[in-house]
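Number of protein chains: 2
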Amino acid sequence: MSKDSLFIRACKGEQTERTPIWIMRQAGRYLPEYRALREKYDFLTSCKTPELASEITIQPIDIVDTDAAILFSDILVIPEAMGMHLELIESKGPVFSEPIRSIGQIENLETDETLSRLDYVMQAVKMTKEKLNGRVPLIGFSGSPWTLATYMVEGKGSKNFDIIKSFVYNEPESAHKLLQILADSVVEYLQAKIDAGCDAVQIFDTWASILSPADFEEYSLKYISYICDNLQSKGVPIIVFAKGVGSYQNLAQLKCDVLGVDWTKELSRVRAEISGRKALQGNLDPTVLFAPKEKIRKETERVLRSYGEGGGHIFNLGHGILSKTPVENVQYLVECVRELSSK
Amino acid sequence: MSKDSLFIRACKGEQTERTPIWIMRQAGRYLPEYRALREKYDFLTSCKTPELASEITIQPIDIVDTDAAILFSDILVIPEAMGMHLELIESKGPVFSEPIRSIGQIENLETDETLSRLDYVMQAVKMTKEKLNGRVPLIGFSGSPWTLATYMVEGKGSKNFDIIKSFVYNEPESAHKLLQILADSVVEYLQAKIDAGCDAVQIFDTWASILSPADFEEYSLKYISYICDNLQSKGVPIIVFAKGVGSYQNLAQLKCDVLGVDWTKELSRVRAEISGRKALQGNLDPTVLFAPKEKIRKETERVLRSYGEGGGHIFNLGHGILSKTPVENVQYLVECVRELSSK
Numbered sequence: 009m010s011k012d013s014l015f016i017r018a019c020k021g022e023q024t025e026r027t028p029i030w031i032m033r034q035a036g037r038y039l040p041e042y043r044a045l046r047e048k049y050d051f052l053t054s055c056k057t058p059e060l061a062s063e064i065t066i067q068p069i070d071i072v073d074t075d076a077a078i079l080f081s082d083i084l085v086i087p088e089a090m091g092m093h094l095e096l097i098e099s100k101g102p103v104f105s106e107p108i109r110s111i112g113q114i115e116n117l118e119t120d121e122t123l124s125r126l127d128y129v130m131q132a133v134k135m136t137k138e139k140l141n142g143r144v145p146l147i148g149f150s151g152s153p154w155t156l157a158t159y160m161v162e163g164k165g166s167k168n169f170d171i172i173k174s175f176v177y178n179e180p181e182s183a184h185k186l187l188q189i190l191a192d193s194v195v196e197y198l199q200a201k202i203d204a205g206c207d208a209v210q211i212f213d214t215w216a217s218i219l220s221p222a223d224f225e226e227y228s229l230k231y232i233s234y235i236c237d238n239l240q241s242k243g244v245p246i247i248v249f250a251k252g253v254g255s256y257q258n259l260a261q262l263k264c265d266v267l268g269v270d271w272t273k274e275l276s277r278v279r280a281e282i283s284g285r286k287a288l289q290g291n292l293d294p295t296v297l298f299a300p301k302e303k304i305r306k307e308t309e310r311v312l313r314s315y316g317e318g319g320g321h322i323f324n325l326g327h328g329i330l331s332k333t334p335v336e337n338v339q340y341l342v343e344c345v346r347e348l349s350s351k
Numbered sequence: 009m010s011k012d013s014l015f016i017r018a019c020k021g022e023q024t025e026r027t028p029i030w031i032m033r034q035a036g037r038y039l040p041e042y043r044a045l046r047e048k049y050d051f052l053t054s055c056k057t058p059e060l061a062s063e064i065t066i067q068p069i070d071i072v073d074t075d076a077a078i079l080f081s082d083i084l085v086i087p088e089a090m091g092m093h094l095e096l097i098e099s100k101g102p103v104f105s106e107p108i109r110s111i112g113q114i115e116n117l118e119t120d121e122t123l124s125r126l127d128y129v130m131q132a133v134k135m136t137k138e139k140l141n142g143r144v145p146l147i148g149f150s151g152s153p154w155t156l157a158t159y160m161v162e163g164k165g166s167k168n169f170d171i172i173k174s175f176v177y178n179e180p181e182s183a184h185k186l187l188q189i190l191a192d193s194v195v196e197y198l199q200a201k202i203d204a205g206c207d208a209v210q211i212f213d214t215w216a217s218i219l220s221p222a223d224f225e226e227y228s229l230k231y232i233s234y235i236c237d238n239l240q241s242k243g244v245p246i247i248v249f250a251k252g253v254g255s256y257q258n259l260a261q262l263k264c265d266v267l268g269v270d271w272t273k274e275l276s277r278v279r280a281e282i283s284g285r286k287a288l289q290g291n292l293d294p295t296v297l298f299a300p301k302e303k304i305r306k307e308t309e310r311v312l313r314s315y316g317e318g319g320g321h322i323f324n325l326g327h328g329i330l331s332k333t334p335v336e337n338v339q340y341l342v343e344c345v346r347e348l349s350s351k
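Heads up: the sequence lines are chains A and B, in that order.
Counting in our numbering, the first sequence runs from 9 upward without gaps.
Counting in our numbering, the second sequence runs from 9 upward without gaps.
So, in structure tokens, the structure goes:
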């Protein structure tokens with residue numbers, strides 16, 4: 009059963025017979041089977057229809073054979089459930105037509121019924137668990153409050169993130185109010201996912217990467233910490249992936265089990281920096297999957313060797329898989345991890 | 009005279025009476041005087057006309073009162089001088105109409121006369137030195153081979169940099185050939201700038217930020233190292249700014265004087281990591297200049313305190329100044345650095 013799976017045991021820092029692997033955004037556009045489904049249904053419809061979400065979630069398990077499934081969804085379903093109008097066009101990135109720019113808008117967020125409006129996610133979790141039937145564990149996820157707020161305030165992709173940062177610097181009280189609302193929603197949301205059957209949960213803080221260490225602590229880490237402290241995880245591992253941070257020392261103090269690491273870091277250095285207090289997940293450069301097989305194998309070996317001996321490594325990319333990635337290279341990566349880590 | 013300036017002494021790690029400051033992209037769009045000139049002349053014309061380039065270089069010295077000038081130019085003048093057609097539209101970012109995708113194109117780069125086609129830069133250096141008349145030192149700069157190659161191969165802005173990375177992974181020999189051509193050109197170019205009178209030179213490696221540690225070493229650091237080894241610097245400080253790297257240990261072994269640090273790092277940690285072997289330059293988050301004055305002051309103090317006591321700190325932003333930055337906030341930053349670092 010999945011509770012004793014390689015993936016769960018590695019999350020808990022246990023020694024495993026080989027290194028488990030899953031891939032961020034593994035249920036996505038690089039799979040022809042996914043693209044075929046998406047020709048019939050748009051992105052939000054696919055998220056909101058448990059039959060579709062569960063089918064998409066399972067595609068990479070069948071095709072790529074990863075050691076964990078991650079529920080097909082999007083981090084922005086939370087602000088959408090709070091009443092913000094969201095357009096999700098994968099080629100353009102997400103767009104909120106009325107981004108948050110004032111305390112009035114924050115006060116108008118529909119926070120009372122957020123969780124019940126996200127019931128489709130819990131239905132998808134249950135349906136996926138049935139379909140998986142114990143083959144591999146199921147990961148549920150959420151954006152961090154900071155990353156969600158960044159999208160909600162910027163409204164669309166940004167190069168310099170000057171709108172969100174001007175907002176937090178000029179209206180820190182409003183910013184903290186928004187972040188606390190989001191932190192409470194994320195606790196409720198991840199708790200409901202755990203209660204619905206998720207075997208692990210991951211908090212994505214993609215936009216940790218744009219903050220100075222002091223701002224990261226004030227505007228992001230504080231709220232991730234609140235979430236970890238308030239989840240009744242019942243032994244379900246919590247993974248925190250803060251992309252682009254300069255140091256992992258503060259993250260190592262979180263009540264979580266695993267830290268995700270992006271590909272610009274050396275796993276050996278991160279492991280030493282935090283004295284092995286957390287399991288680590290990562291960290292192959294996603295573009296290596298465009299390389300010839302020898303390079304994929306060599307880089308896989310490098311990542312495994314960098315983590316080194318002992319339990320507590322979950323192989324993954326250092327960020328989400330890119331949509332033009334050849335499927336056979338992903339399959340080859342999974343084979344390489346299996347073979348090289350069992351030696 | 010500028011040779012004994014605060015800035016030069018700080019680059020050499022000497023204790024100074026206060027911390028010098030200059031600002032990456034200080035001669036640029038946030039200045040109304042710059043925008044007024046640019047209404048009359050396009051970007052490349054401004055770079056290529058020594059009268060204009062020198063006038064623009066001096067604008068921030070008059071208006072913001074920084075402790076060093078940096079020659080107004082662009083890193084992409086090198087590939088342009090090699091015959092690549094370049095469009096520089098500041099709102100869109102640079103575009104090469106025929107990006108490099110084959111060894112044939114690399115072999116066709118016009119490398120024989122590159123330096124003589126860049127003579128306008130040397131004329132601008134001489135004219136600026138005359139106009140500065142010793143007020144502050146003049147910094148010349150170049151892109152690193154890796155960063156130049158990234159622009160030349162991608163051809164325009166990228167989100168995932170899959171084109172350049174696919175190129176180096178699939179055609180490593182061609183990639184190394186291109187990088188070596190660029191490294192030789194950068195040596196020539198920076199040498200000519202030093203010989204024309206620049207008081208310091210900076211190598212910008214913006215796209216260090218997209219590489220894994222192993223790829224950074226192979227595709228970028230190796231060539232920066234070659235440049236530092238081959239420059240006859242005659243005591244002119246060399247500054248290397250590799251944005252977004254996970255570690256500074258390898259950079260500390262370069263034959264350079266100063267390492268630039270982006271704003272996601274704690275200066276105290278970088279200083280400890282490299283055991284103080286280099287002076288450090290940085291690292292205020294550029295968006296802090298959109299904050300109220302109290303926040304600007306507080307963050308300035310934090311950066312100064314993070315570096316700590318002793319010489320060898322050059323205050324700067326952690327990346328280029330943003331074009332919508334209010335000028336009065338830049339002036340206030342300079343005042344804060346002067347006041348707080350003289351205490």
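Even glycine gets a Cβ: it sits at the ideal position worked out from N, Cα and C.
No Cβ of chain B is located within less than 8 Å of the beta carbon of W215 of chain A. One thing to note: L126 of chain A has its Cβ no nearer than 8 Å to the Cβ of P102 of chain A. For A287 of chain B, the three-state secondary structure derived from DSSP is strand. G112 of chain A is not a Cβ neighbour of G320 of chain A, given a cutoff of 8 Å. Identification of chain B residues near Y315 of chain A by a Cβ-Cβ cut-off of 7 Å yields none; the smallest Cβ-Cβ distance measures about 13 Å. Under the three-pair Cβ rule at 8 Å, the region 233 to 243 of chain B does not count as touching the region 161 to 179 of chain B. Per the Cβ contact rule, the region 179 to 194 of chain B is in contact with the region 220 to 235 of chain B (3 or more Cβ pairs under 8 Å). At a Cβ-Cβ threshold of 8 Å, I247 of chain B and G268 of chain B count as neighbours. Taking the CA atoms as reference points, R46 of chain A sits about 52 Å from V209 of chain B. Residue contact with chain B for E274 of chain A: present (Cβ-Cβ distance below 8 Å to some residue of chain B). Between Y256 of chain A and W154 of chain A, the gap from beta carbon to beta carbon reaches 8 Å or more. Boundaries of the beta strand (DSSP E) harbouring Q210 of chain A: 208 to 213, taken from the DSSP string. Among the residues facing chain A, F323 of chain B is not included, as its CB has no counterpart in that chain under 8 Å away. Nearest CB-CB separation between P221 of chain B and chain A: below the 8 Å threshold.
Residue B:I71 holds the alpha-carbon nearest to the alpha-carbon of E343 of chain B among B:I64, B:M130, B:I71. At least one CB atom of chain A sits nearer than 8 Å to the CB of K173 of chain B. By the neighbour-count definition (other C-beta atoms within 10 Å, threshold 16), P40 of chain A is an exposed residue. A distance below 7 Å between beta-carbons, with the five flanking residues on each side excluded, links V278 of chain A to the following residues of its chain, in chain order: Y256, V269, L288. No Cβ-Cβ contact shorter than 8 Å links K251 of chain B with D265 of chain B.
In the structure shown, G151 of chain B falls within a strand segment according to DSSP collapsed to helix, strand and coil.
S99 of chain B does not reach chain A, its nearest Cβ partner there being about 11 Å away, counting only Cβ pairs nearer than 7 Å. Secondary structure note for V253 of chain B: it is in no beta strand (DSSP E), with a DSSP letter that is neither H nor E.
Neighbourhood of D82 of chain A in chain B, by CB distance below 9 Å: empty, with the nearest CB roughly 18 Å away. With its beta carbon less than 8 Å from one in chain B, G252 of chain A belongs to the interface.
If the five residues before and after I16 of chain A are omitted, its C-beta is found closer than 8 Å to the C-beta atoms of S10, P145, D207, A208, P245, all from its own chain and listed in chain order. Distances from the CA of T214 of chain A to each of A:L229, A:G142, A:S276, A:K56 were compared; the closest alpha carbon is that of A:L229.
Rounded to whole angstroms, the Cβ separation of S349 of chain A and T27 of chain A is 4 Å, and the two are in contact under 8 Å. Counting only residues of its own chain and dropping the five nearest sequence neighbours on each side, G205 of chain B has a CB closer than 8 Å to the CB of V133, K134, K137, L146. Excluding residues up to 5 positions away in sequence, P87, I108 lie with their Cβ nearer than 6 Å to the Cβ of M160 of chain B in the same chain.
Taking all protein chains in view, the Cβ of P221 of chain B is crowded by 16 or more other Cβ atoms within 10 Å, so the residue is classified as buried. By the beta-carbon neighbour count (other beta carbons within 10 angstroms, threshold 16), T53 of chain A is exposed. For S13 of chain A, the closest of A:D50, A:A77, A:N116 by C-alpha to C-alpha distance is A:A77.
In terms of beta-carbon proximity, Y197 of chain B stays away from the interface with chain A, with every pair separated by 8 Å or more. The distance from the Cβ of T65 of chain A to that of F80 of chain A is about 5 Å, consistent with a contact at the 8 Å cut-off. Residue state for L146 of chain A is assigned as strand, using DSSP reduced to three classes. In the three-state DSSP reduction, V72 of chain B falls in the coil class, being neither helix nor strand.
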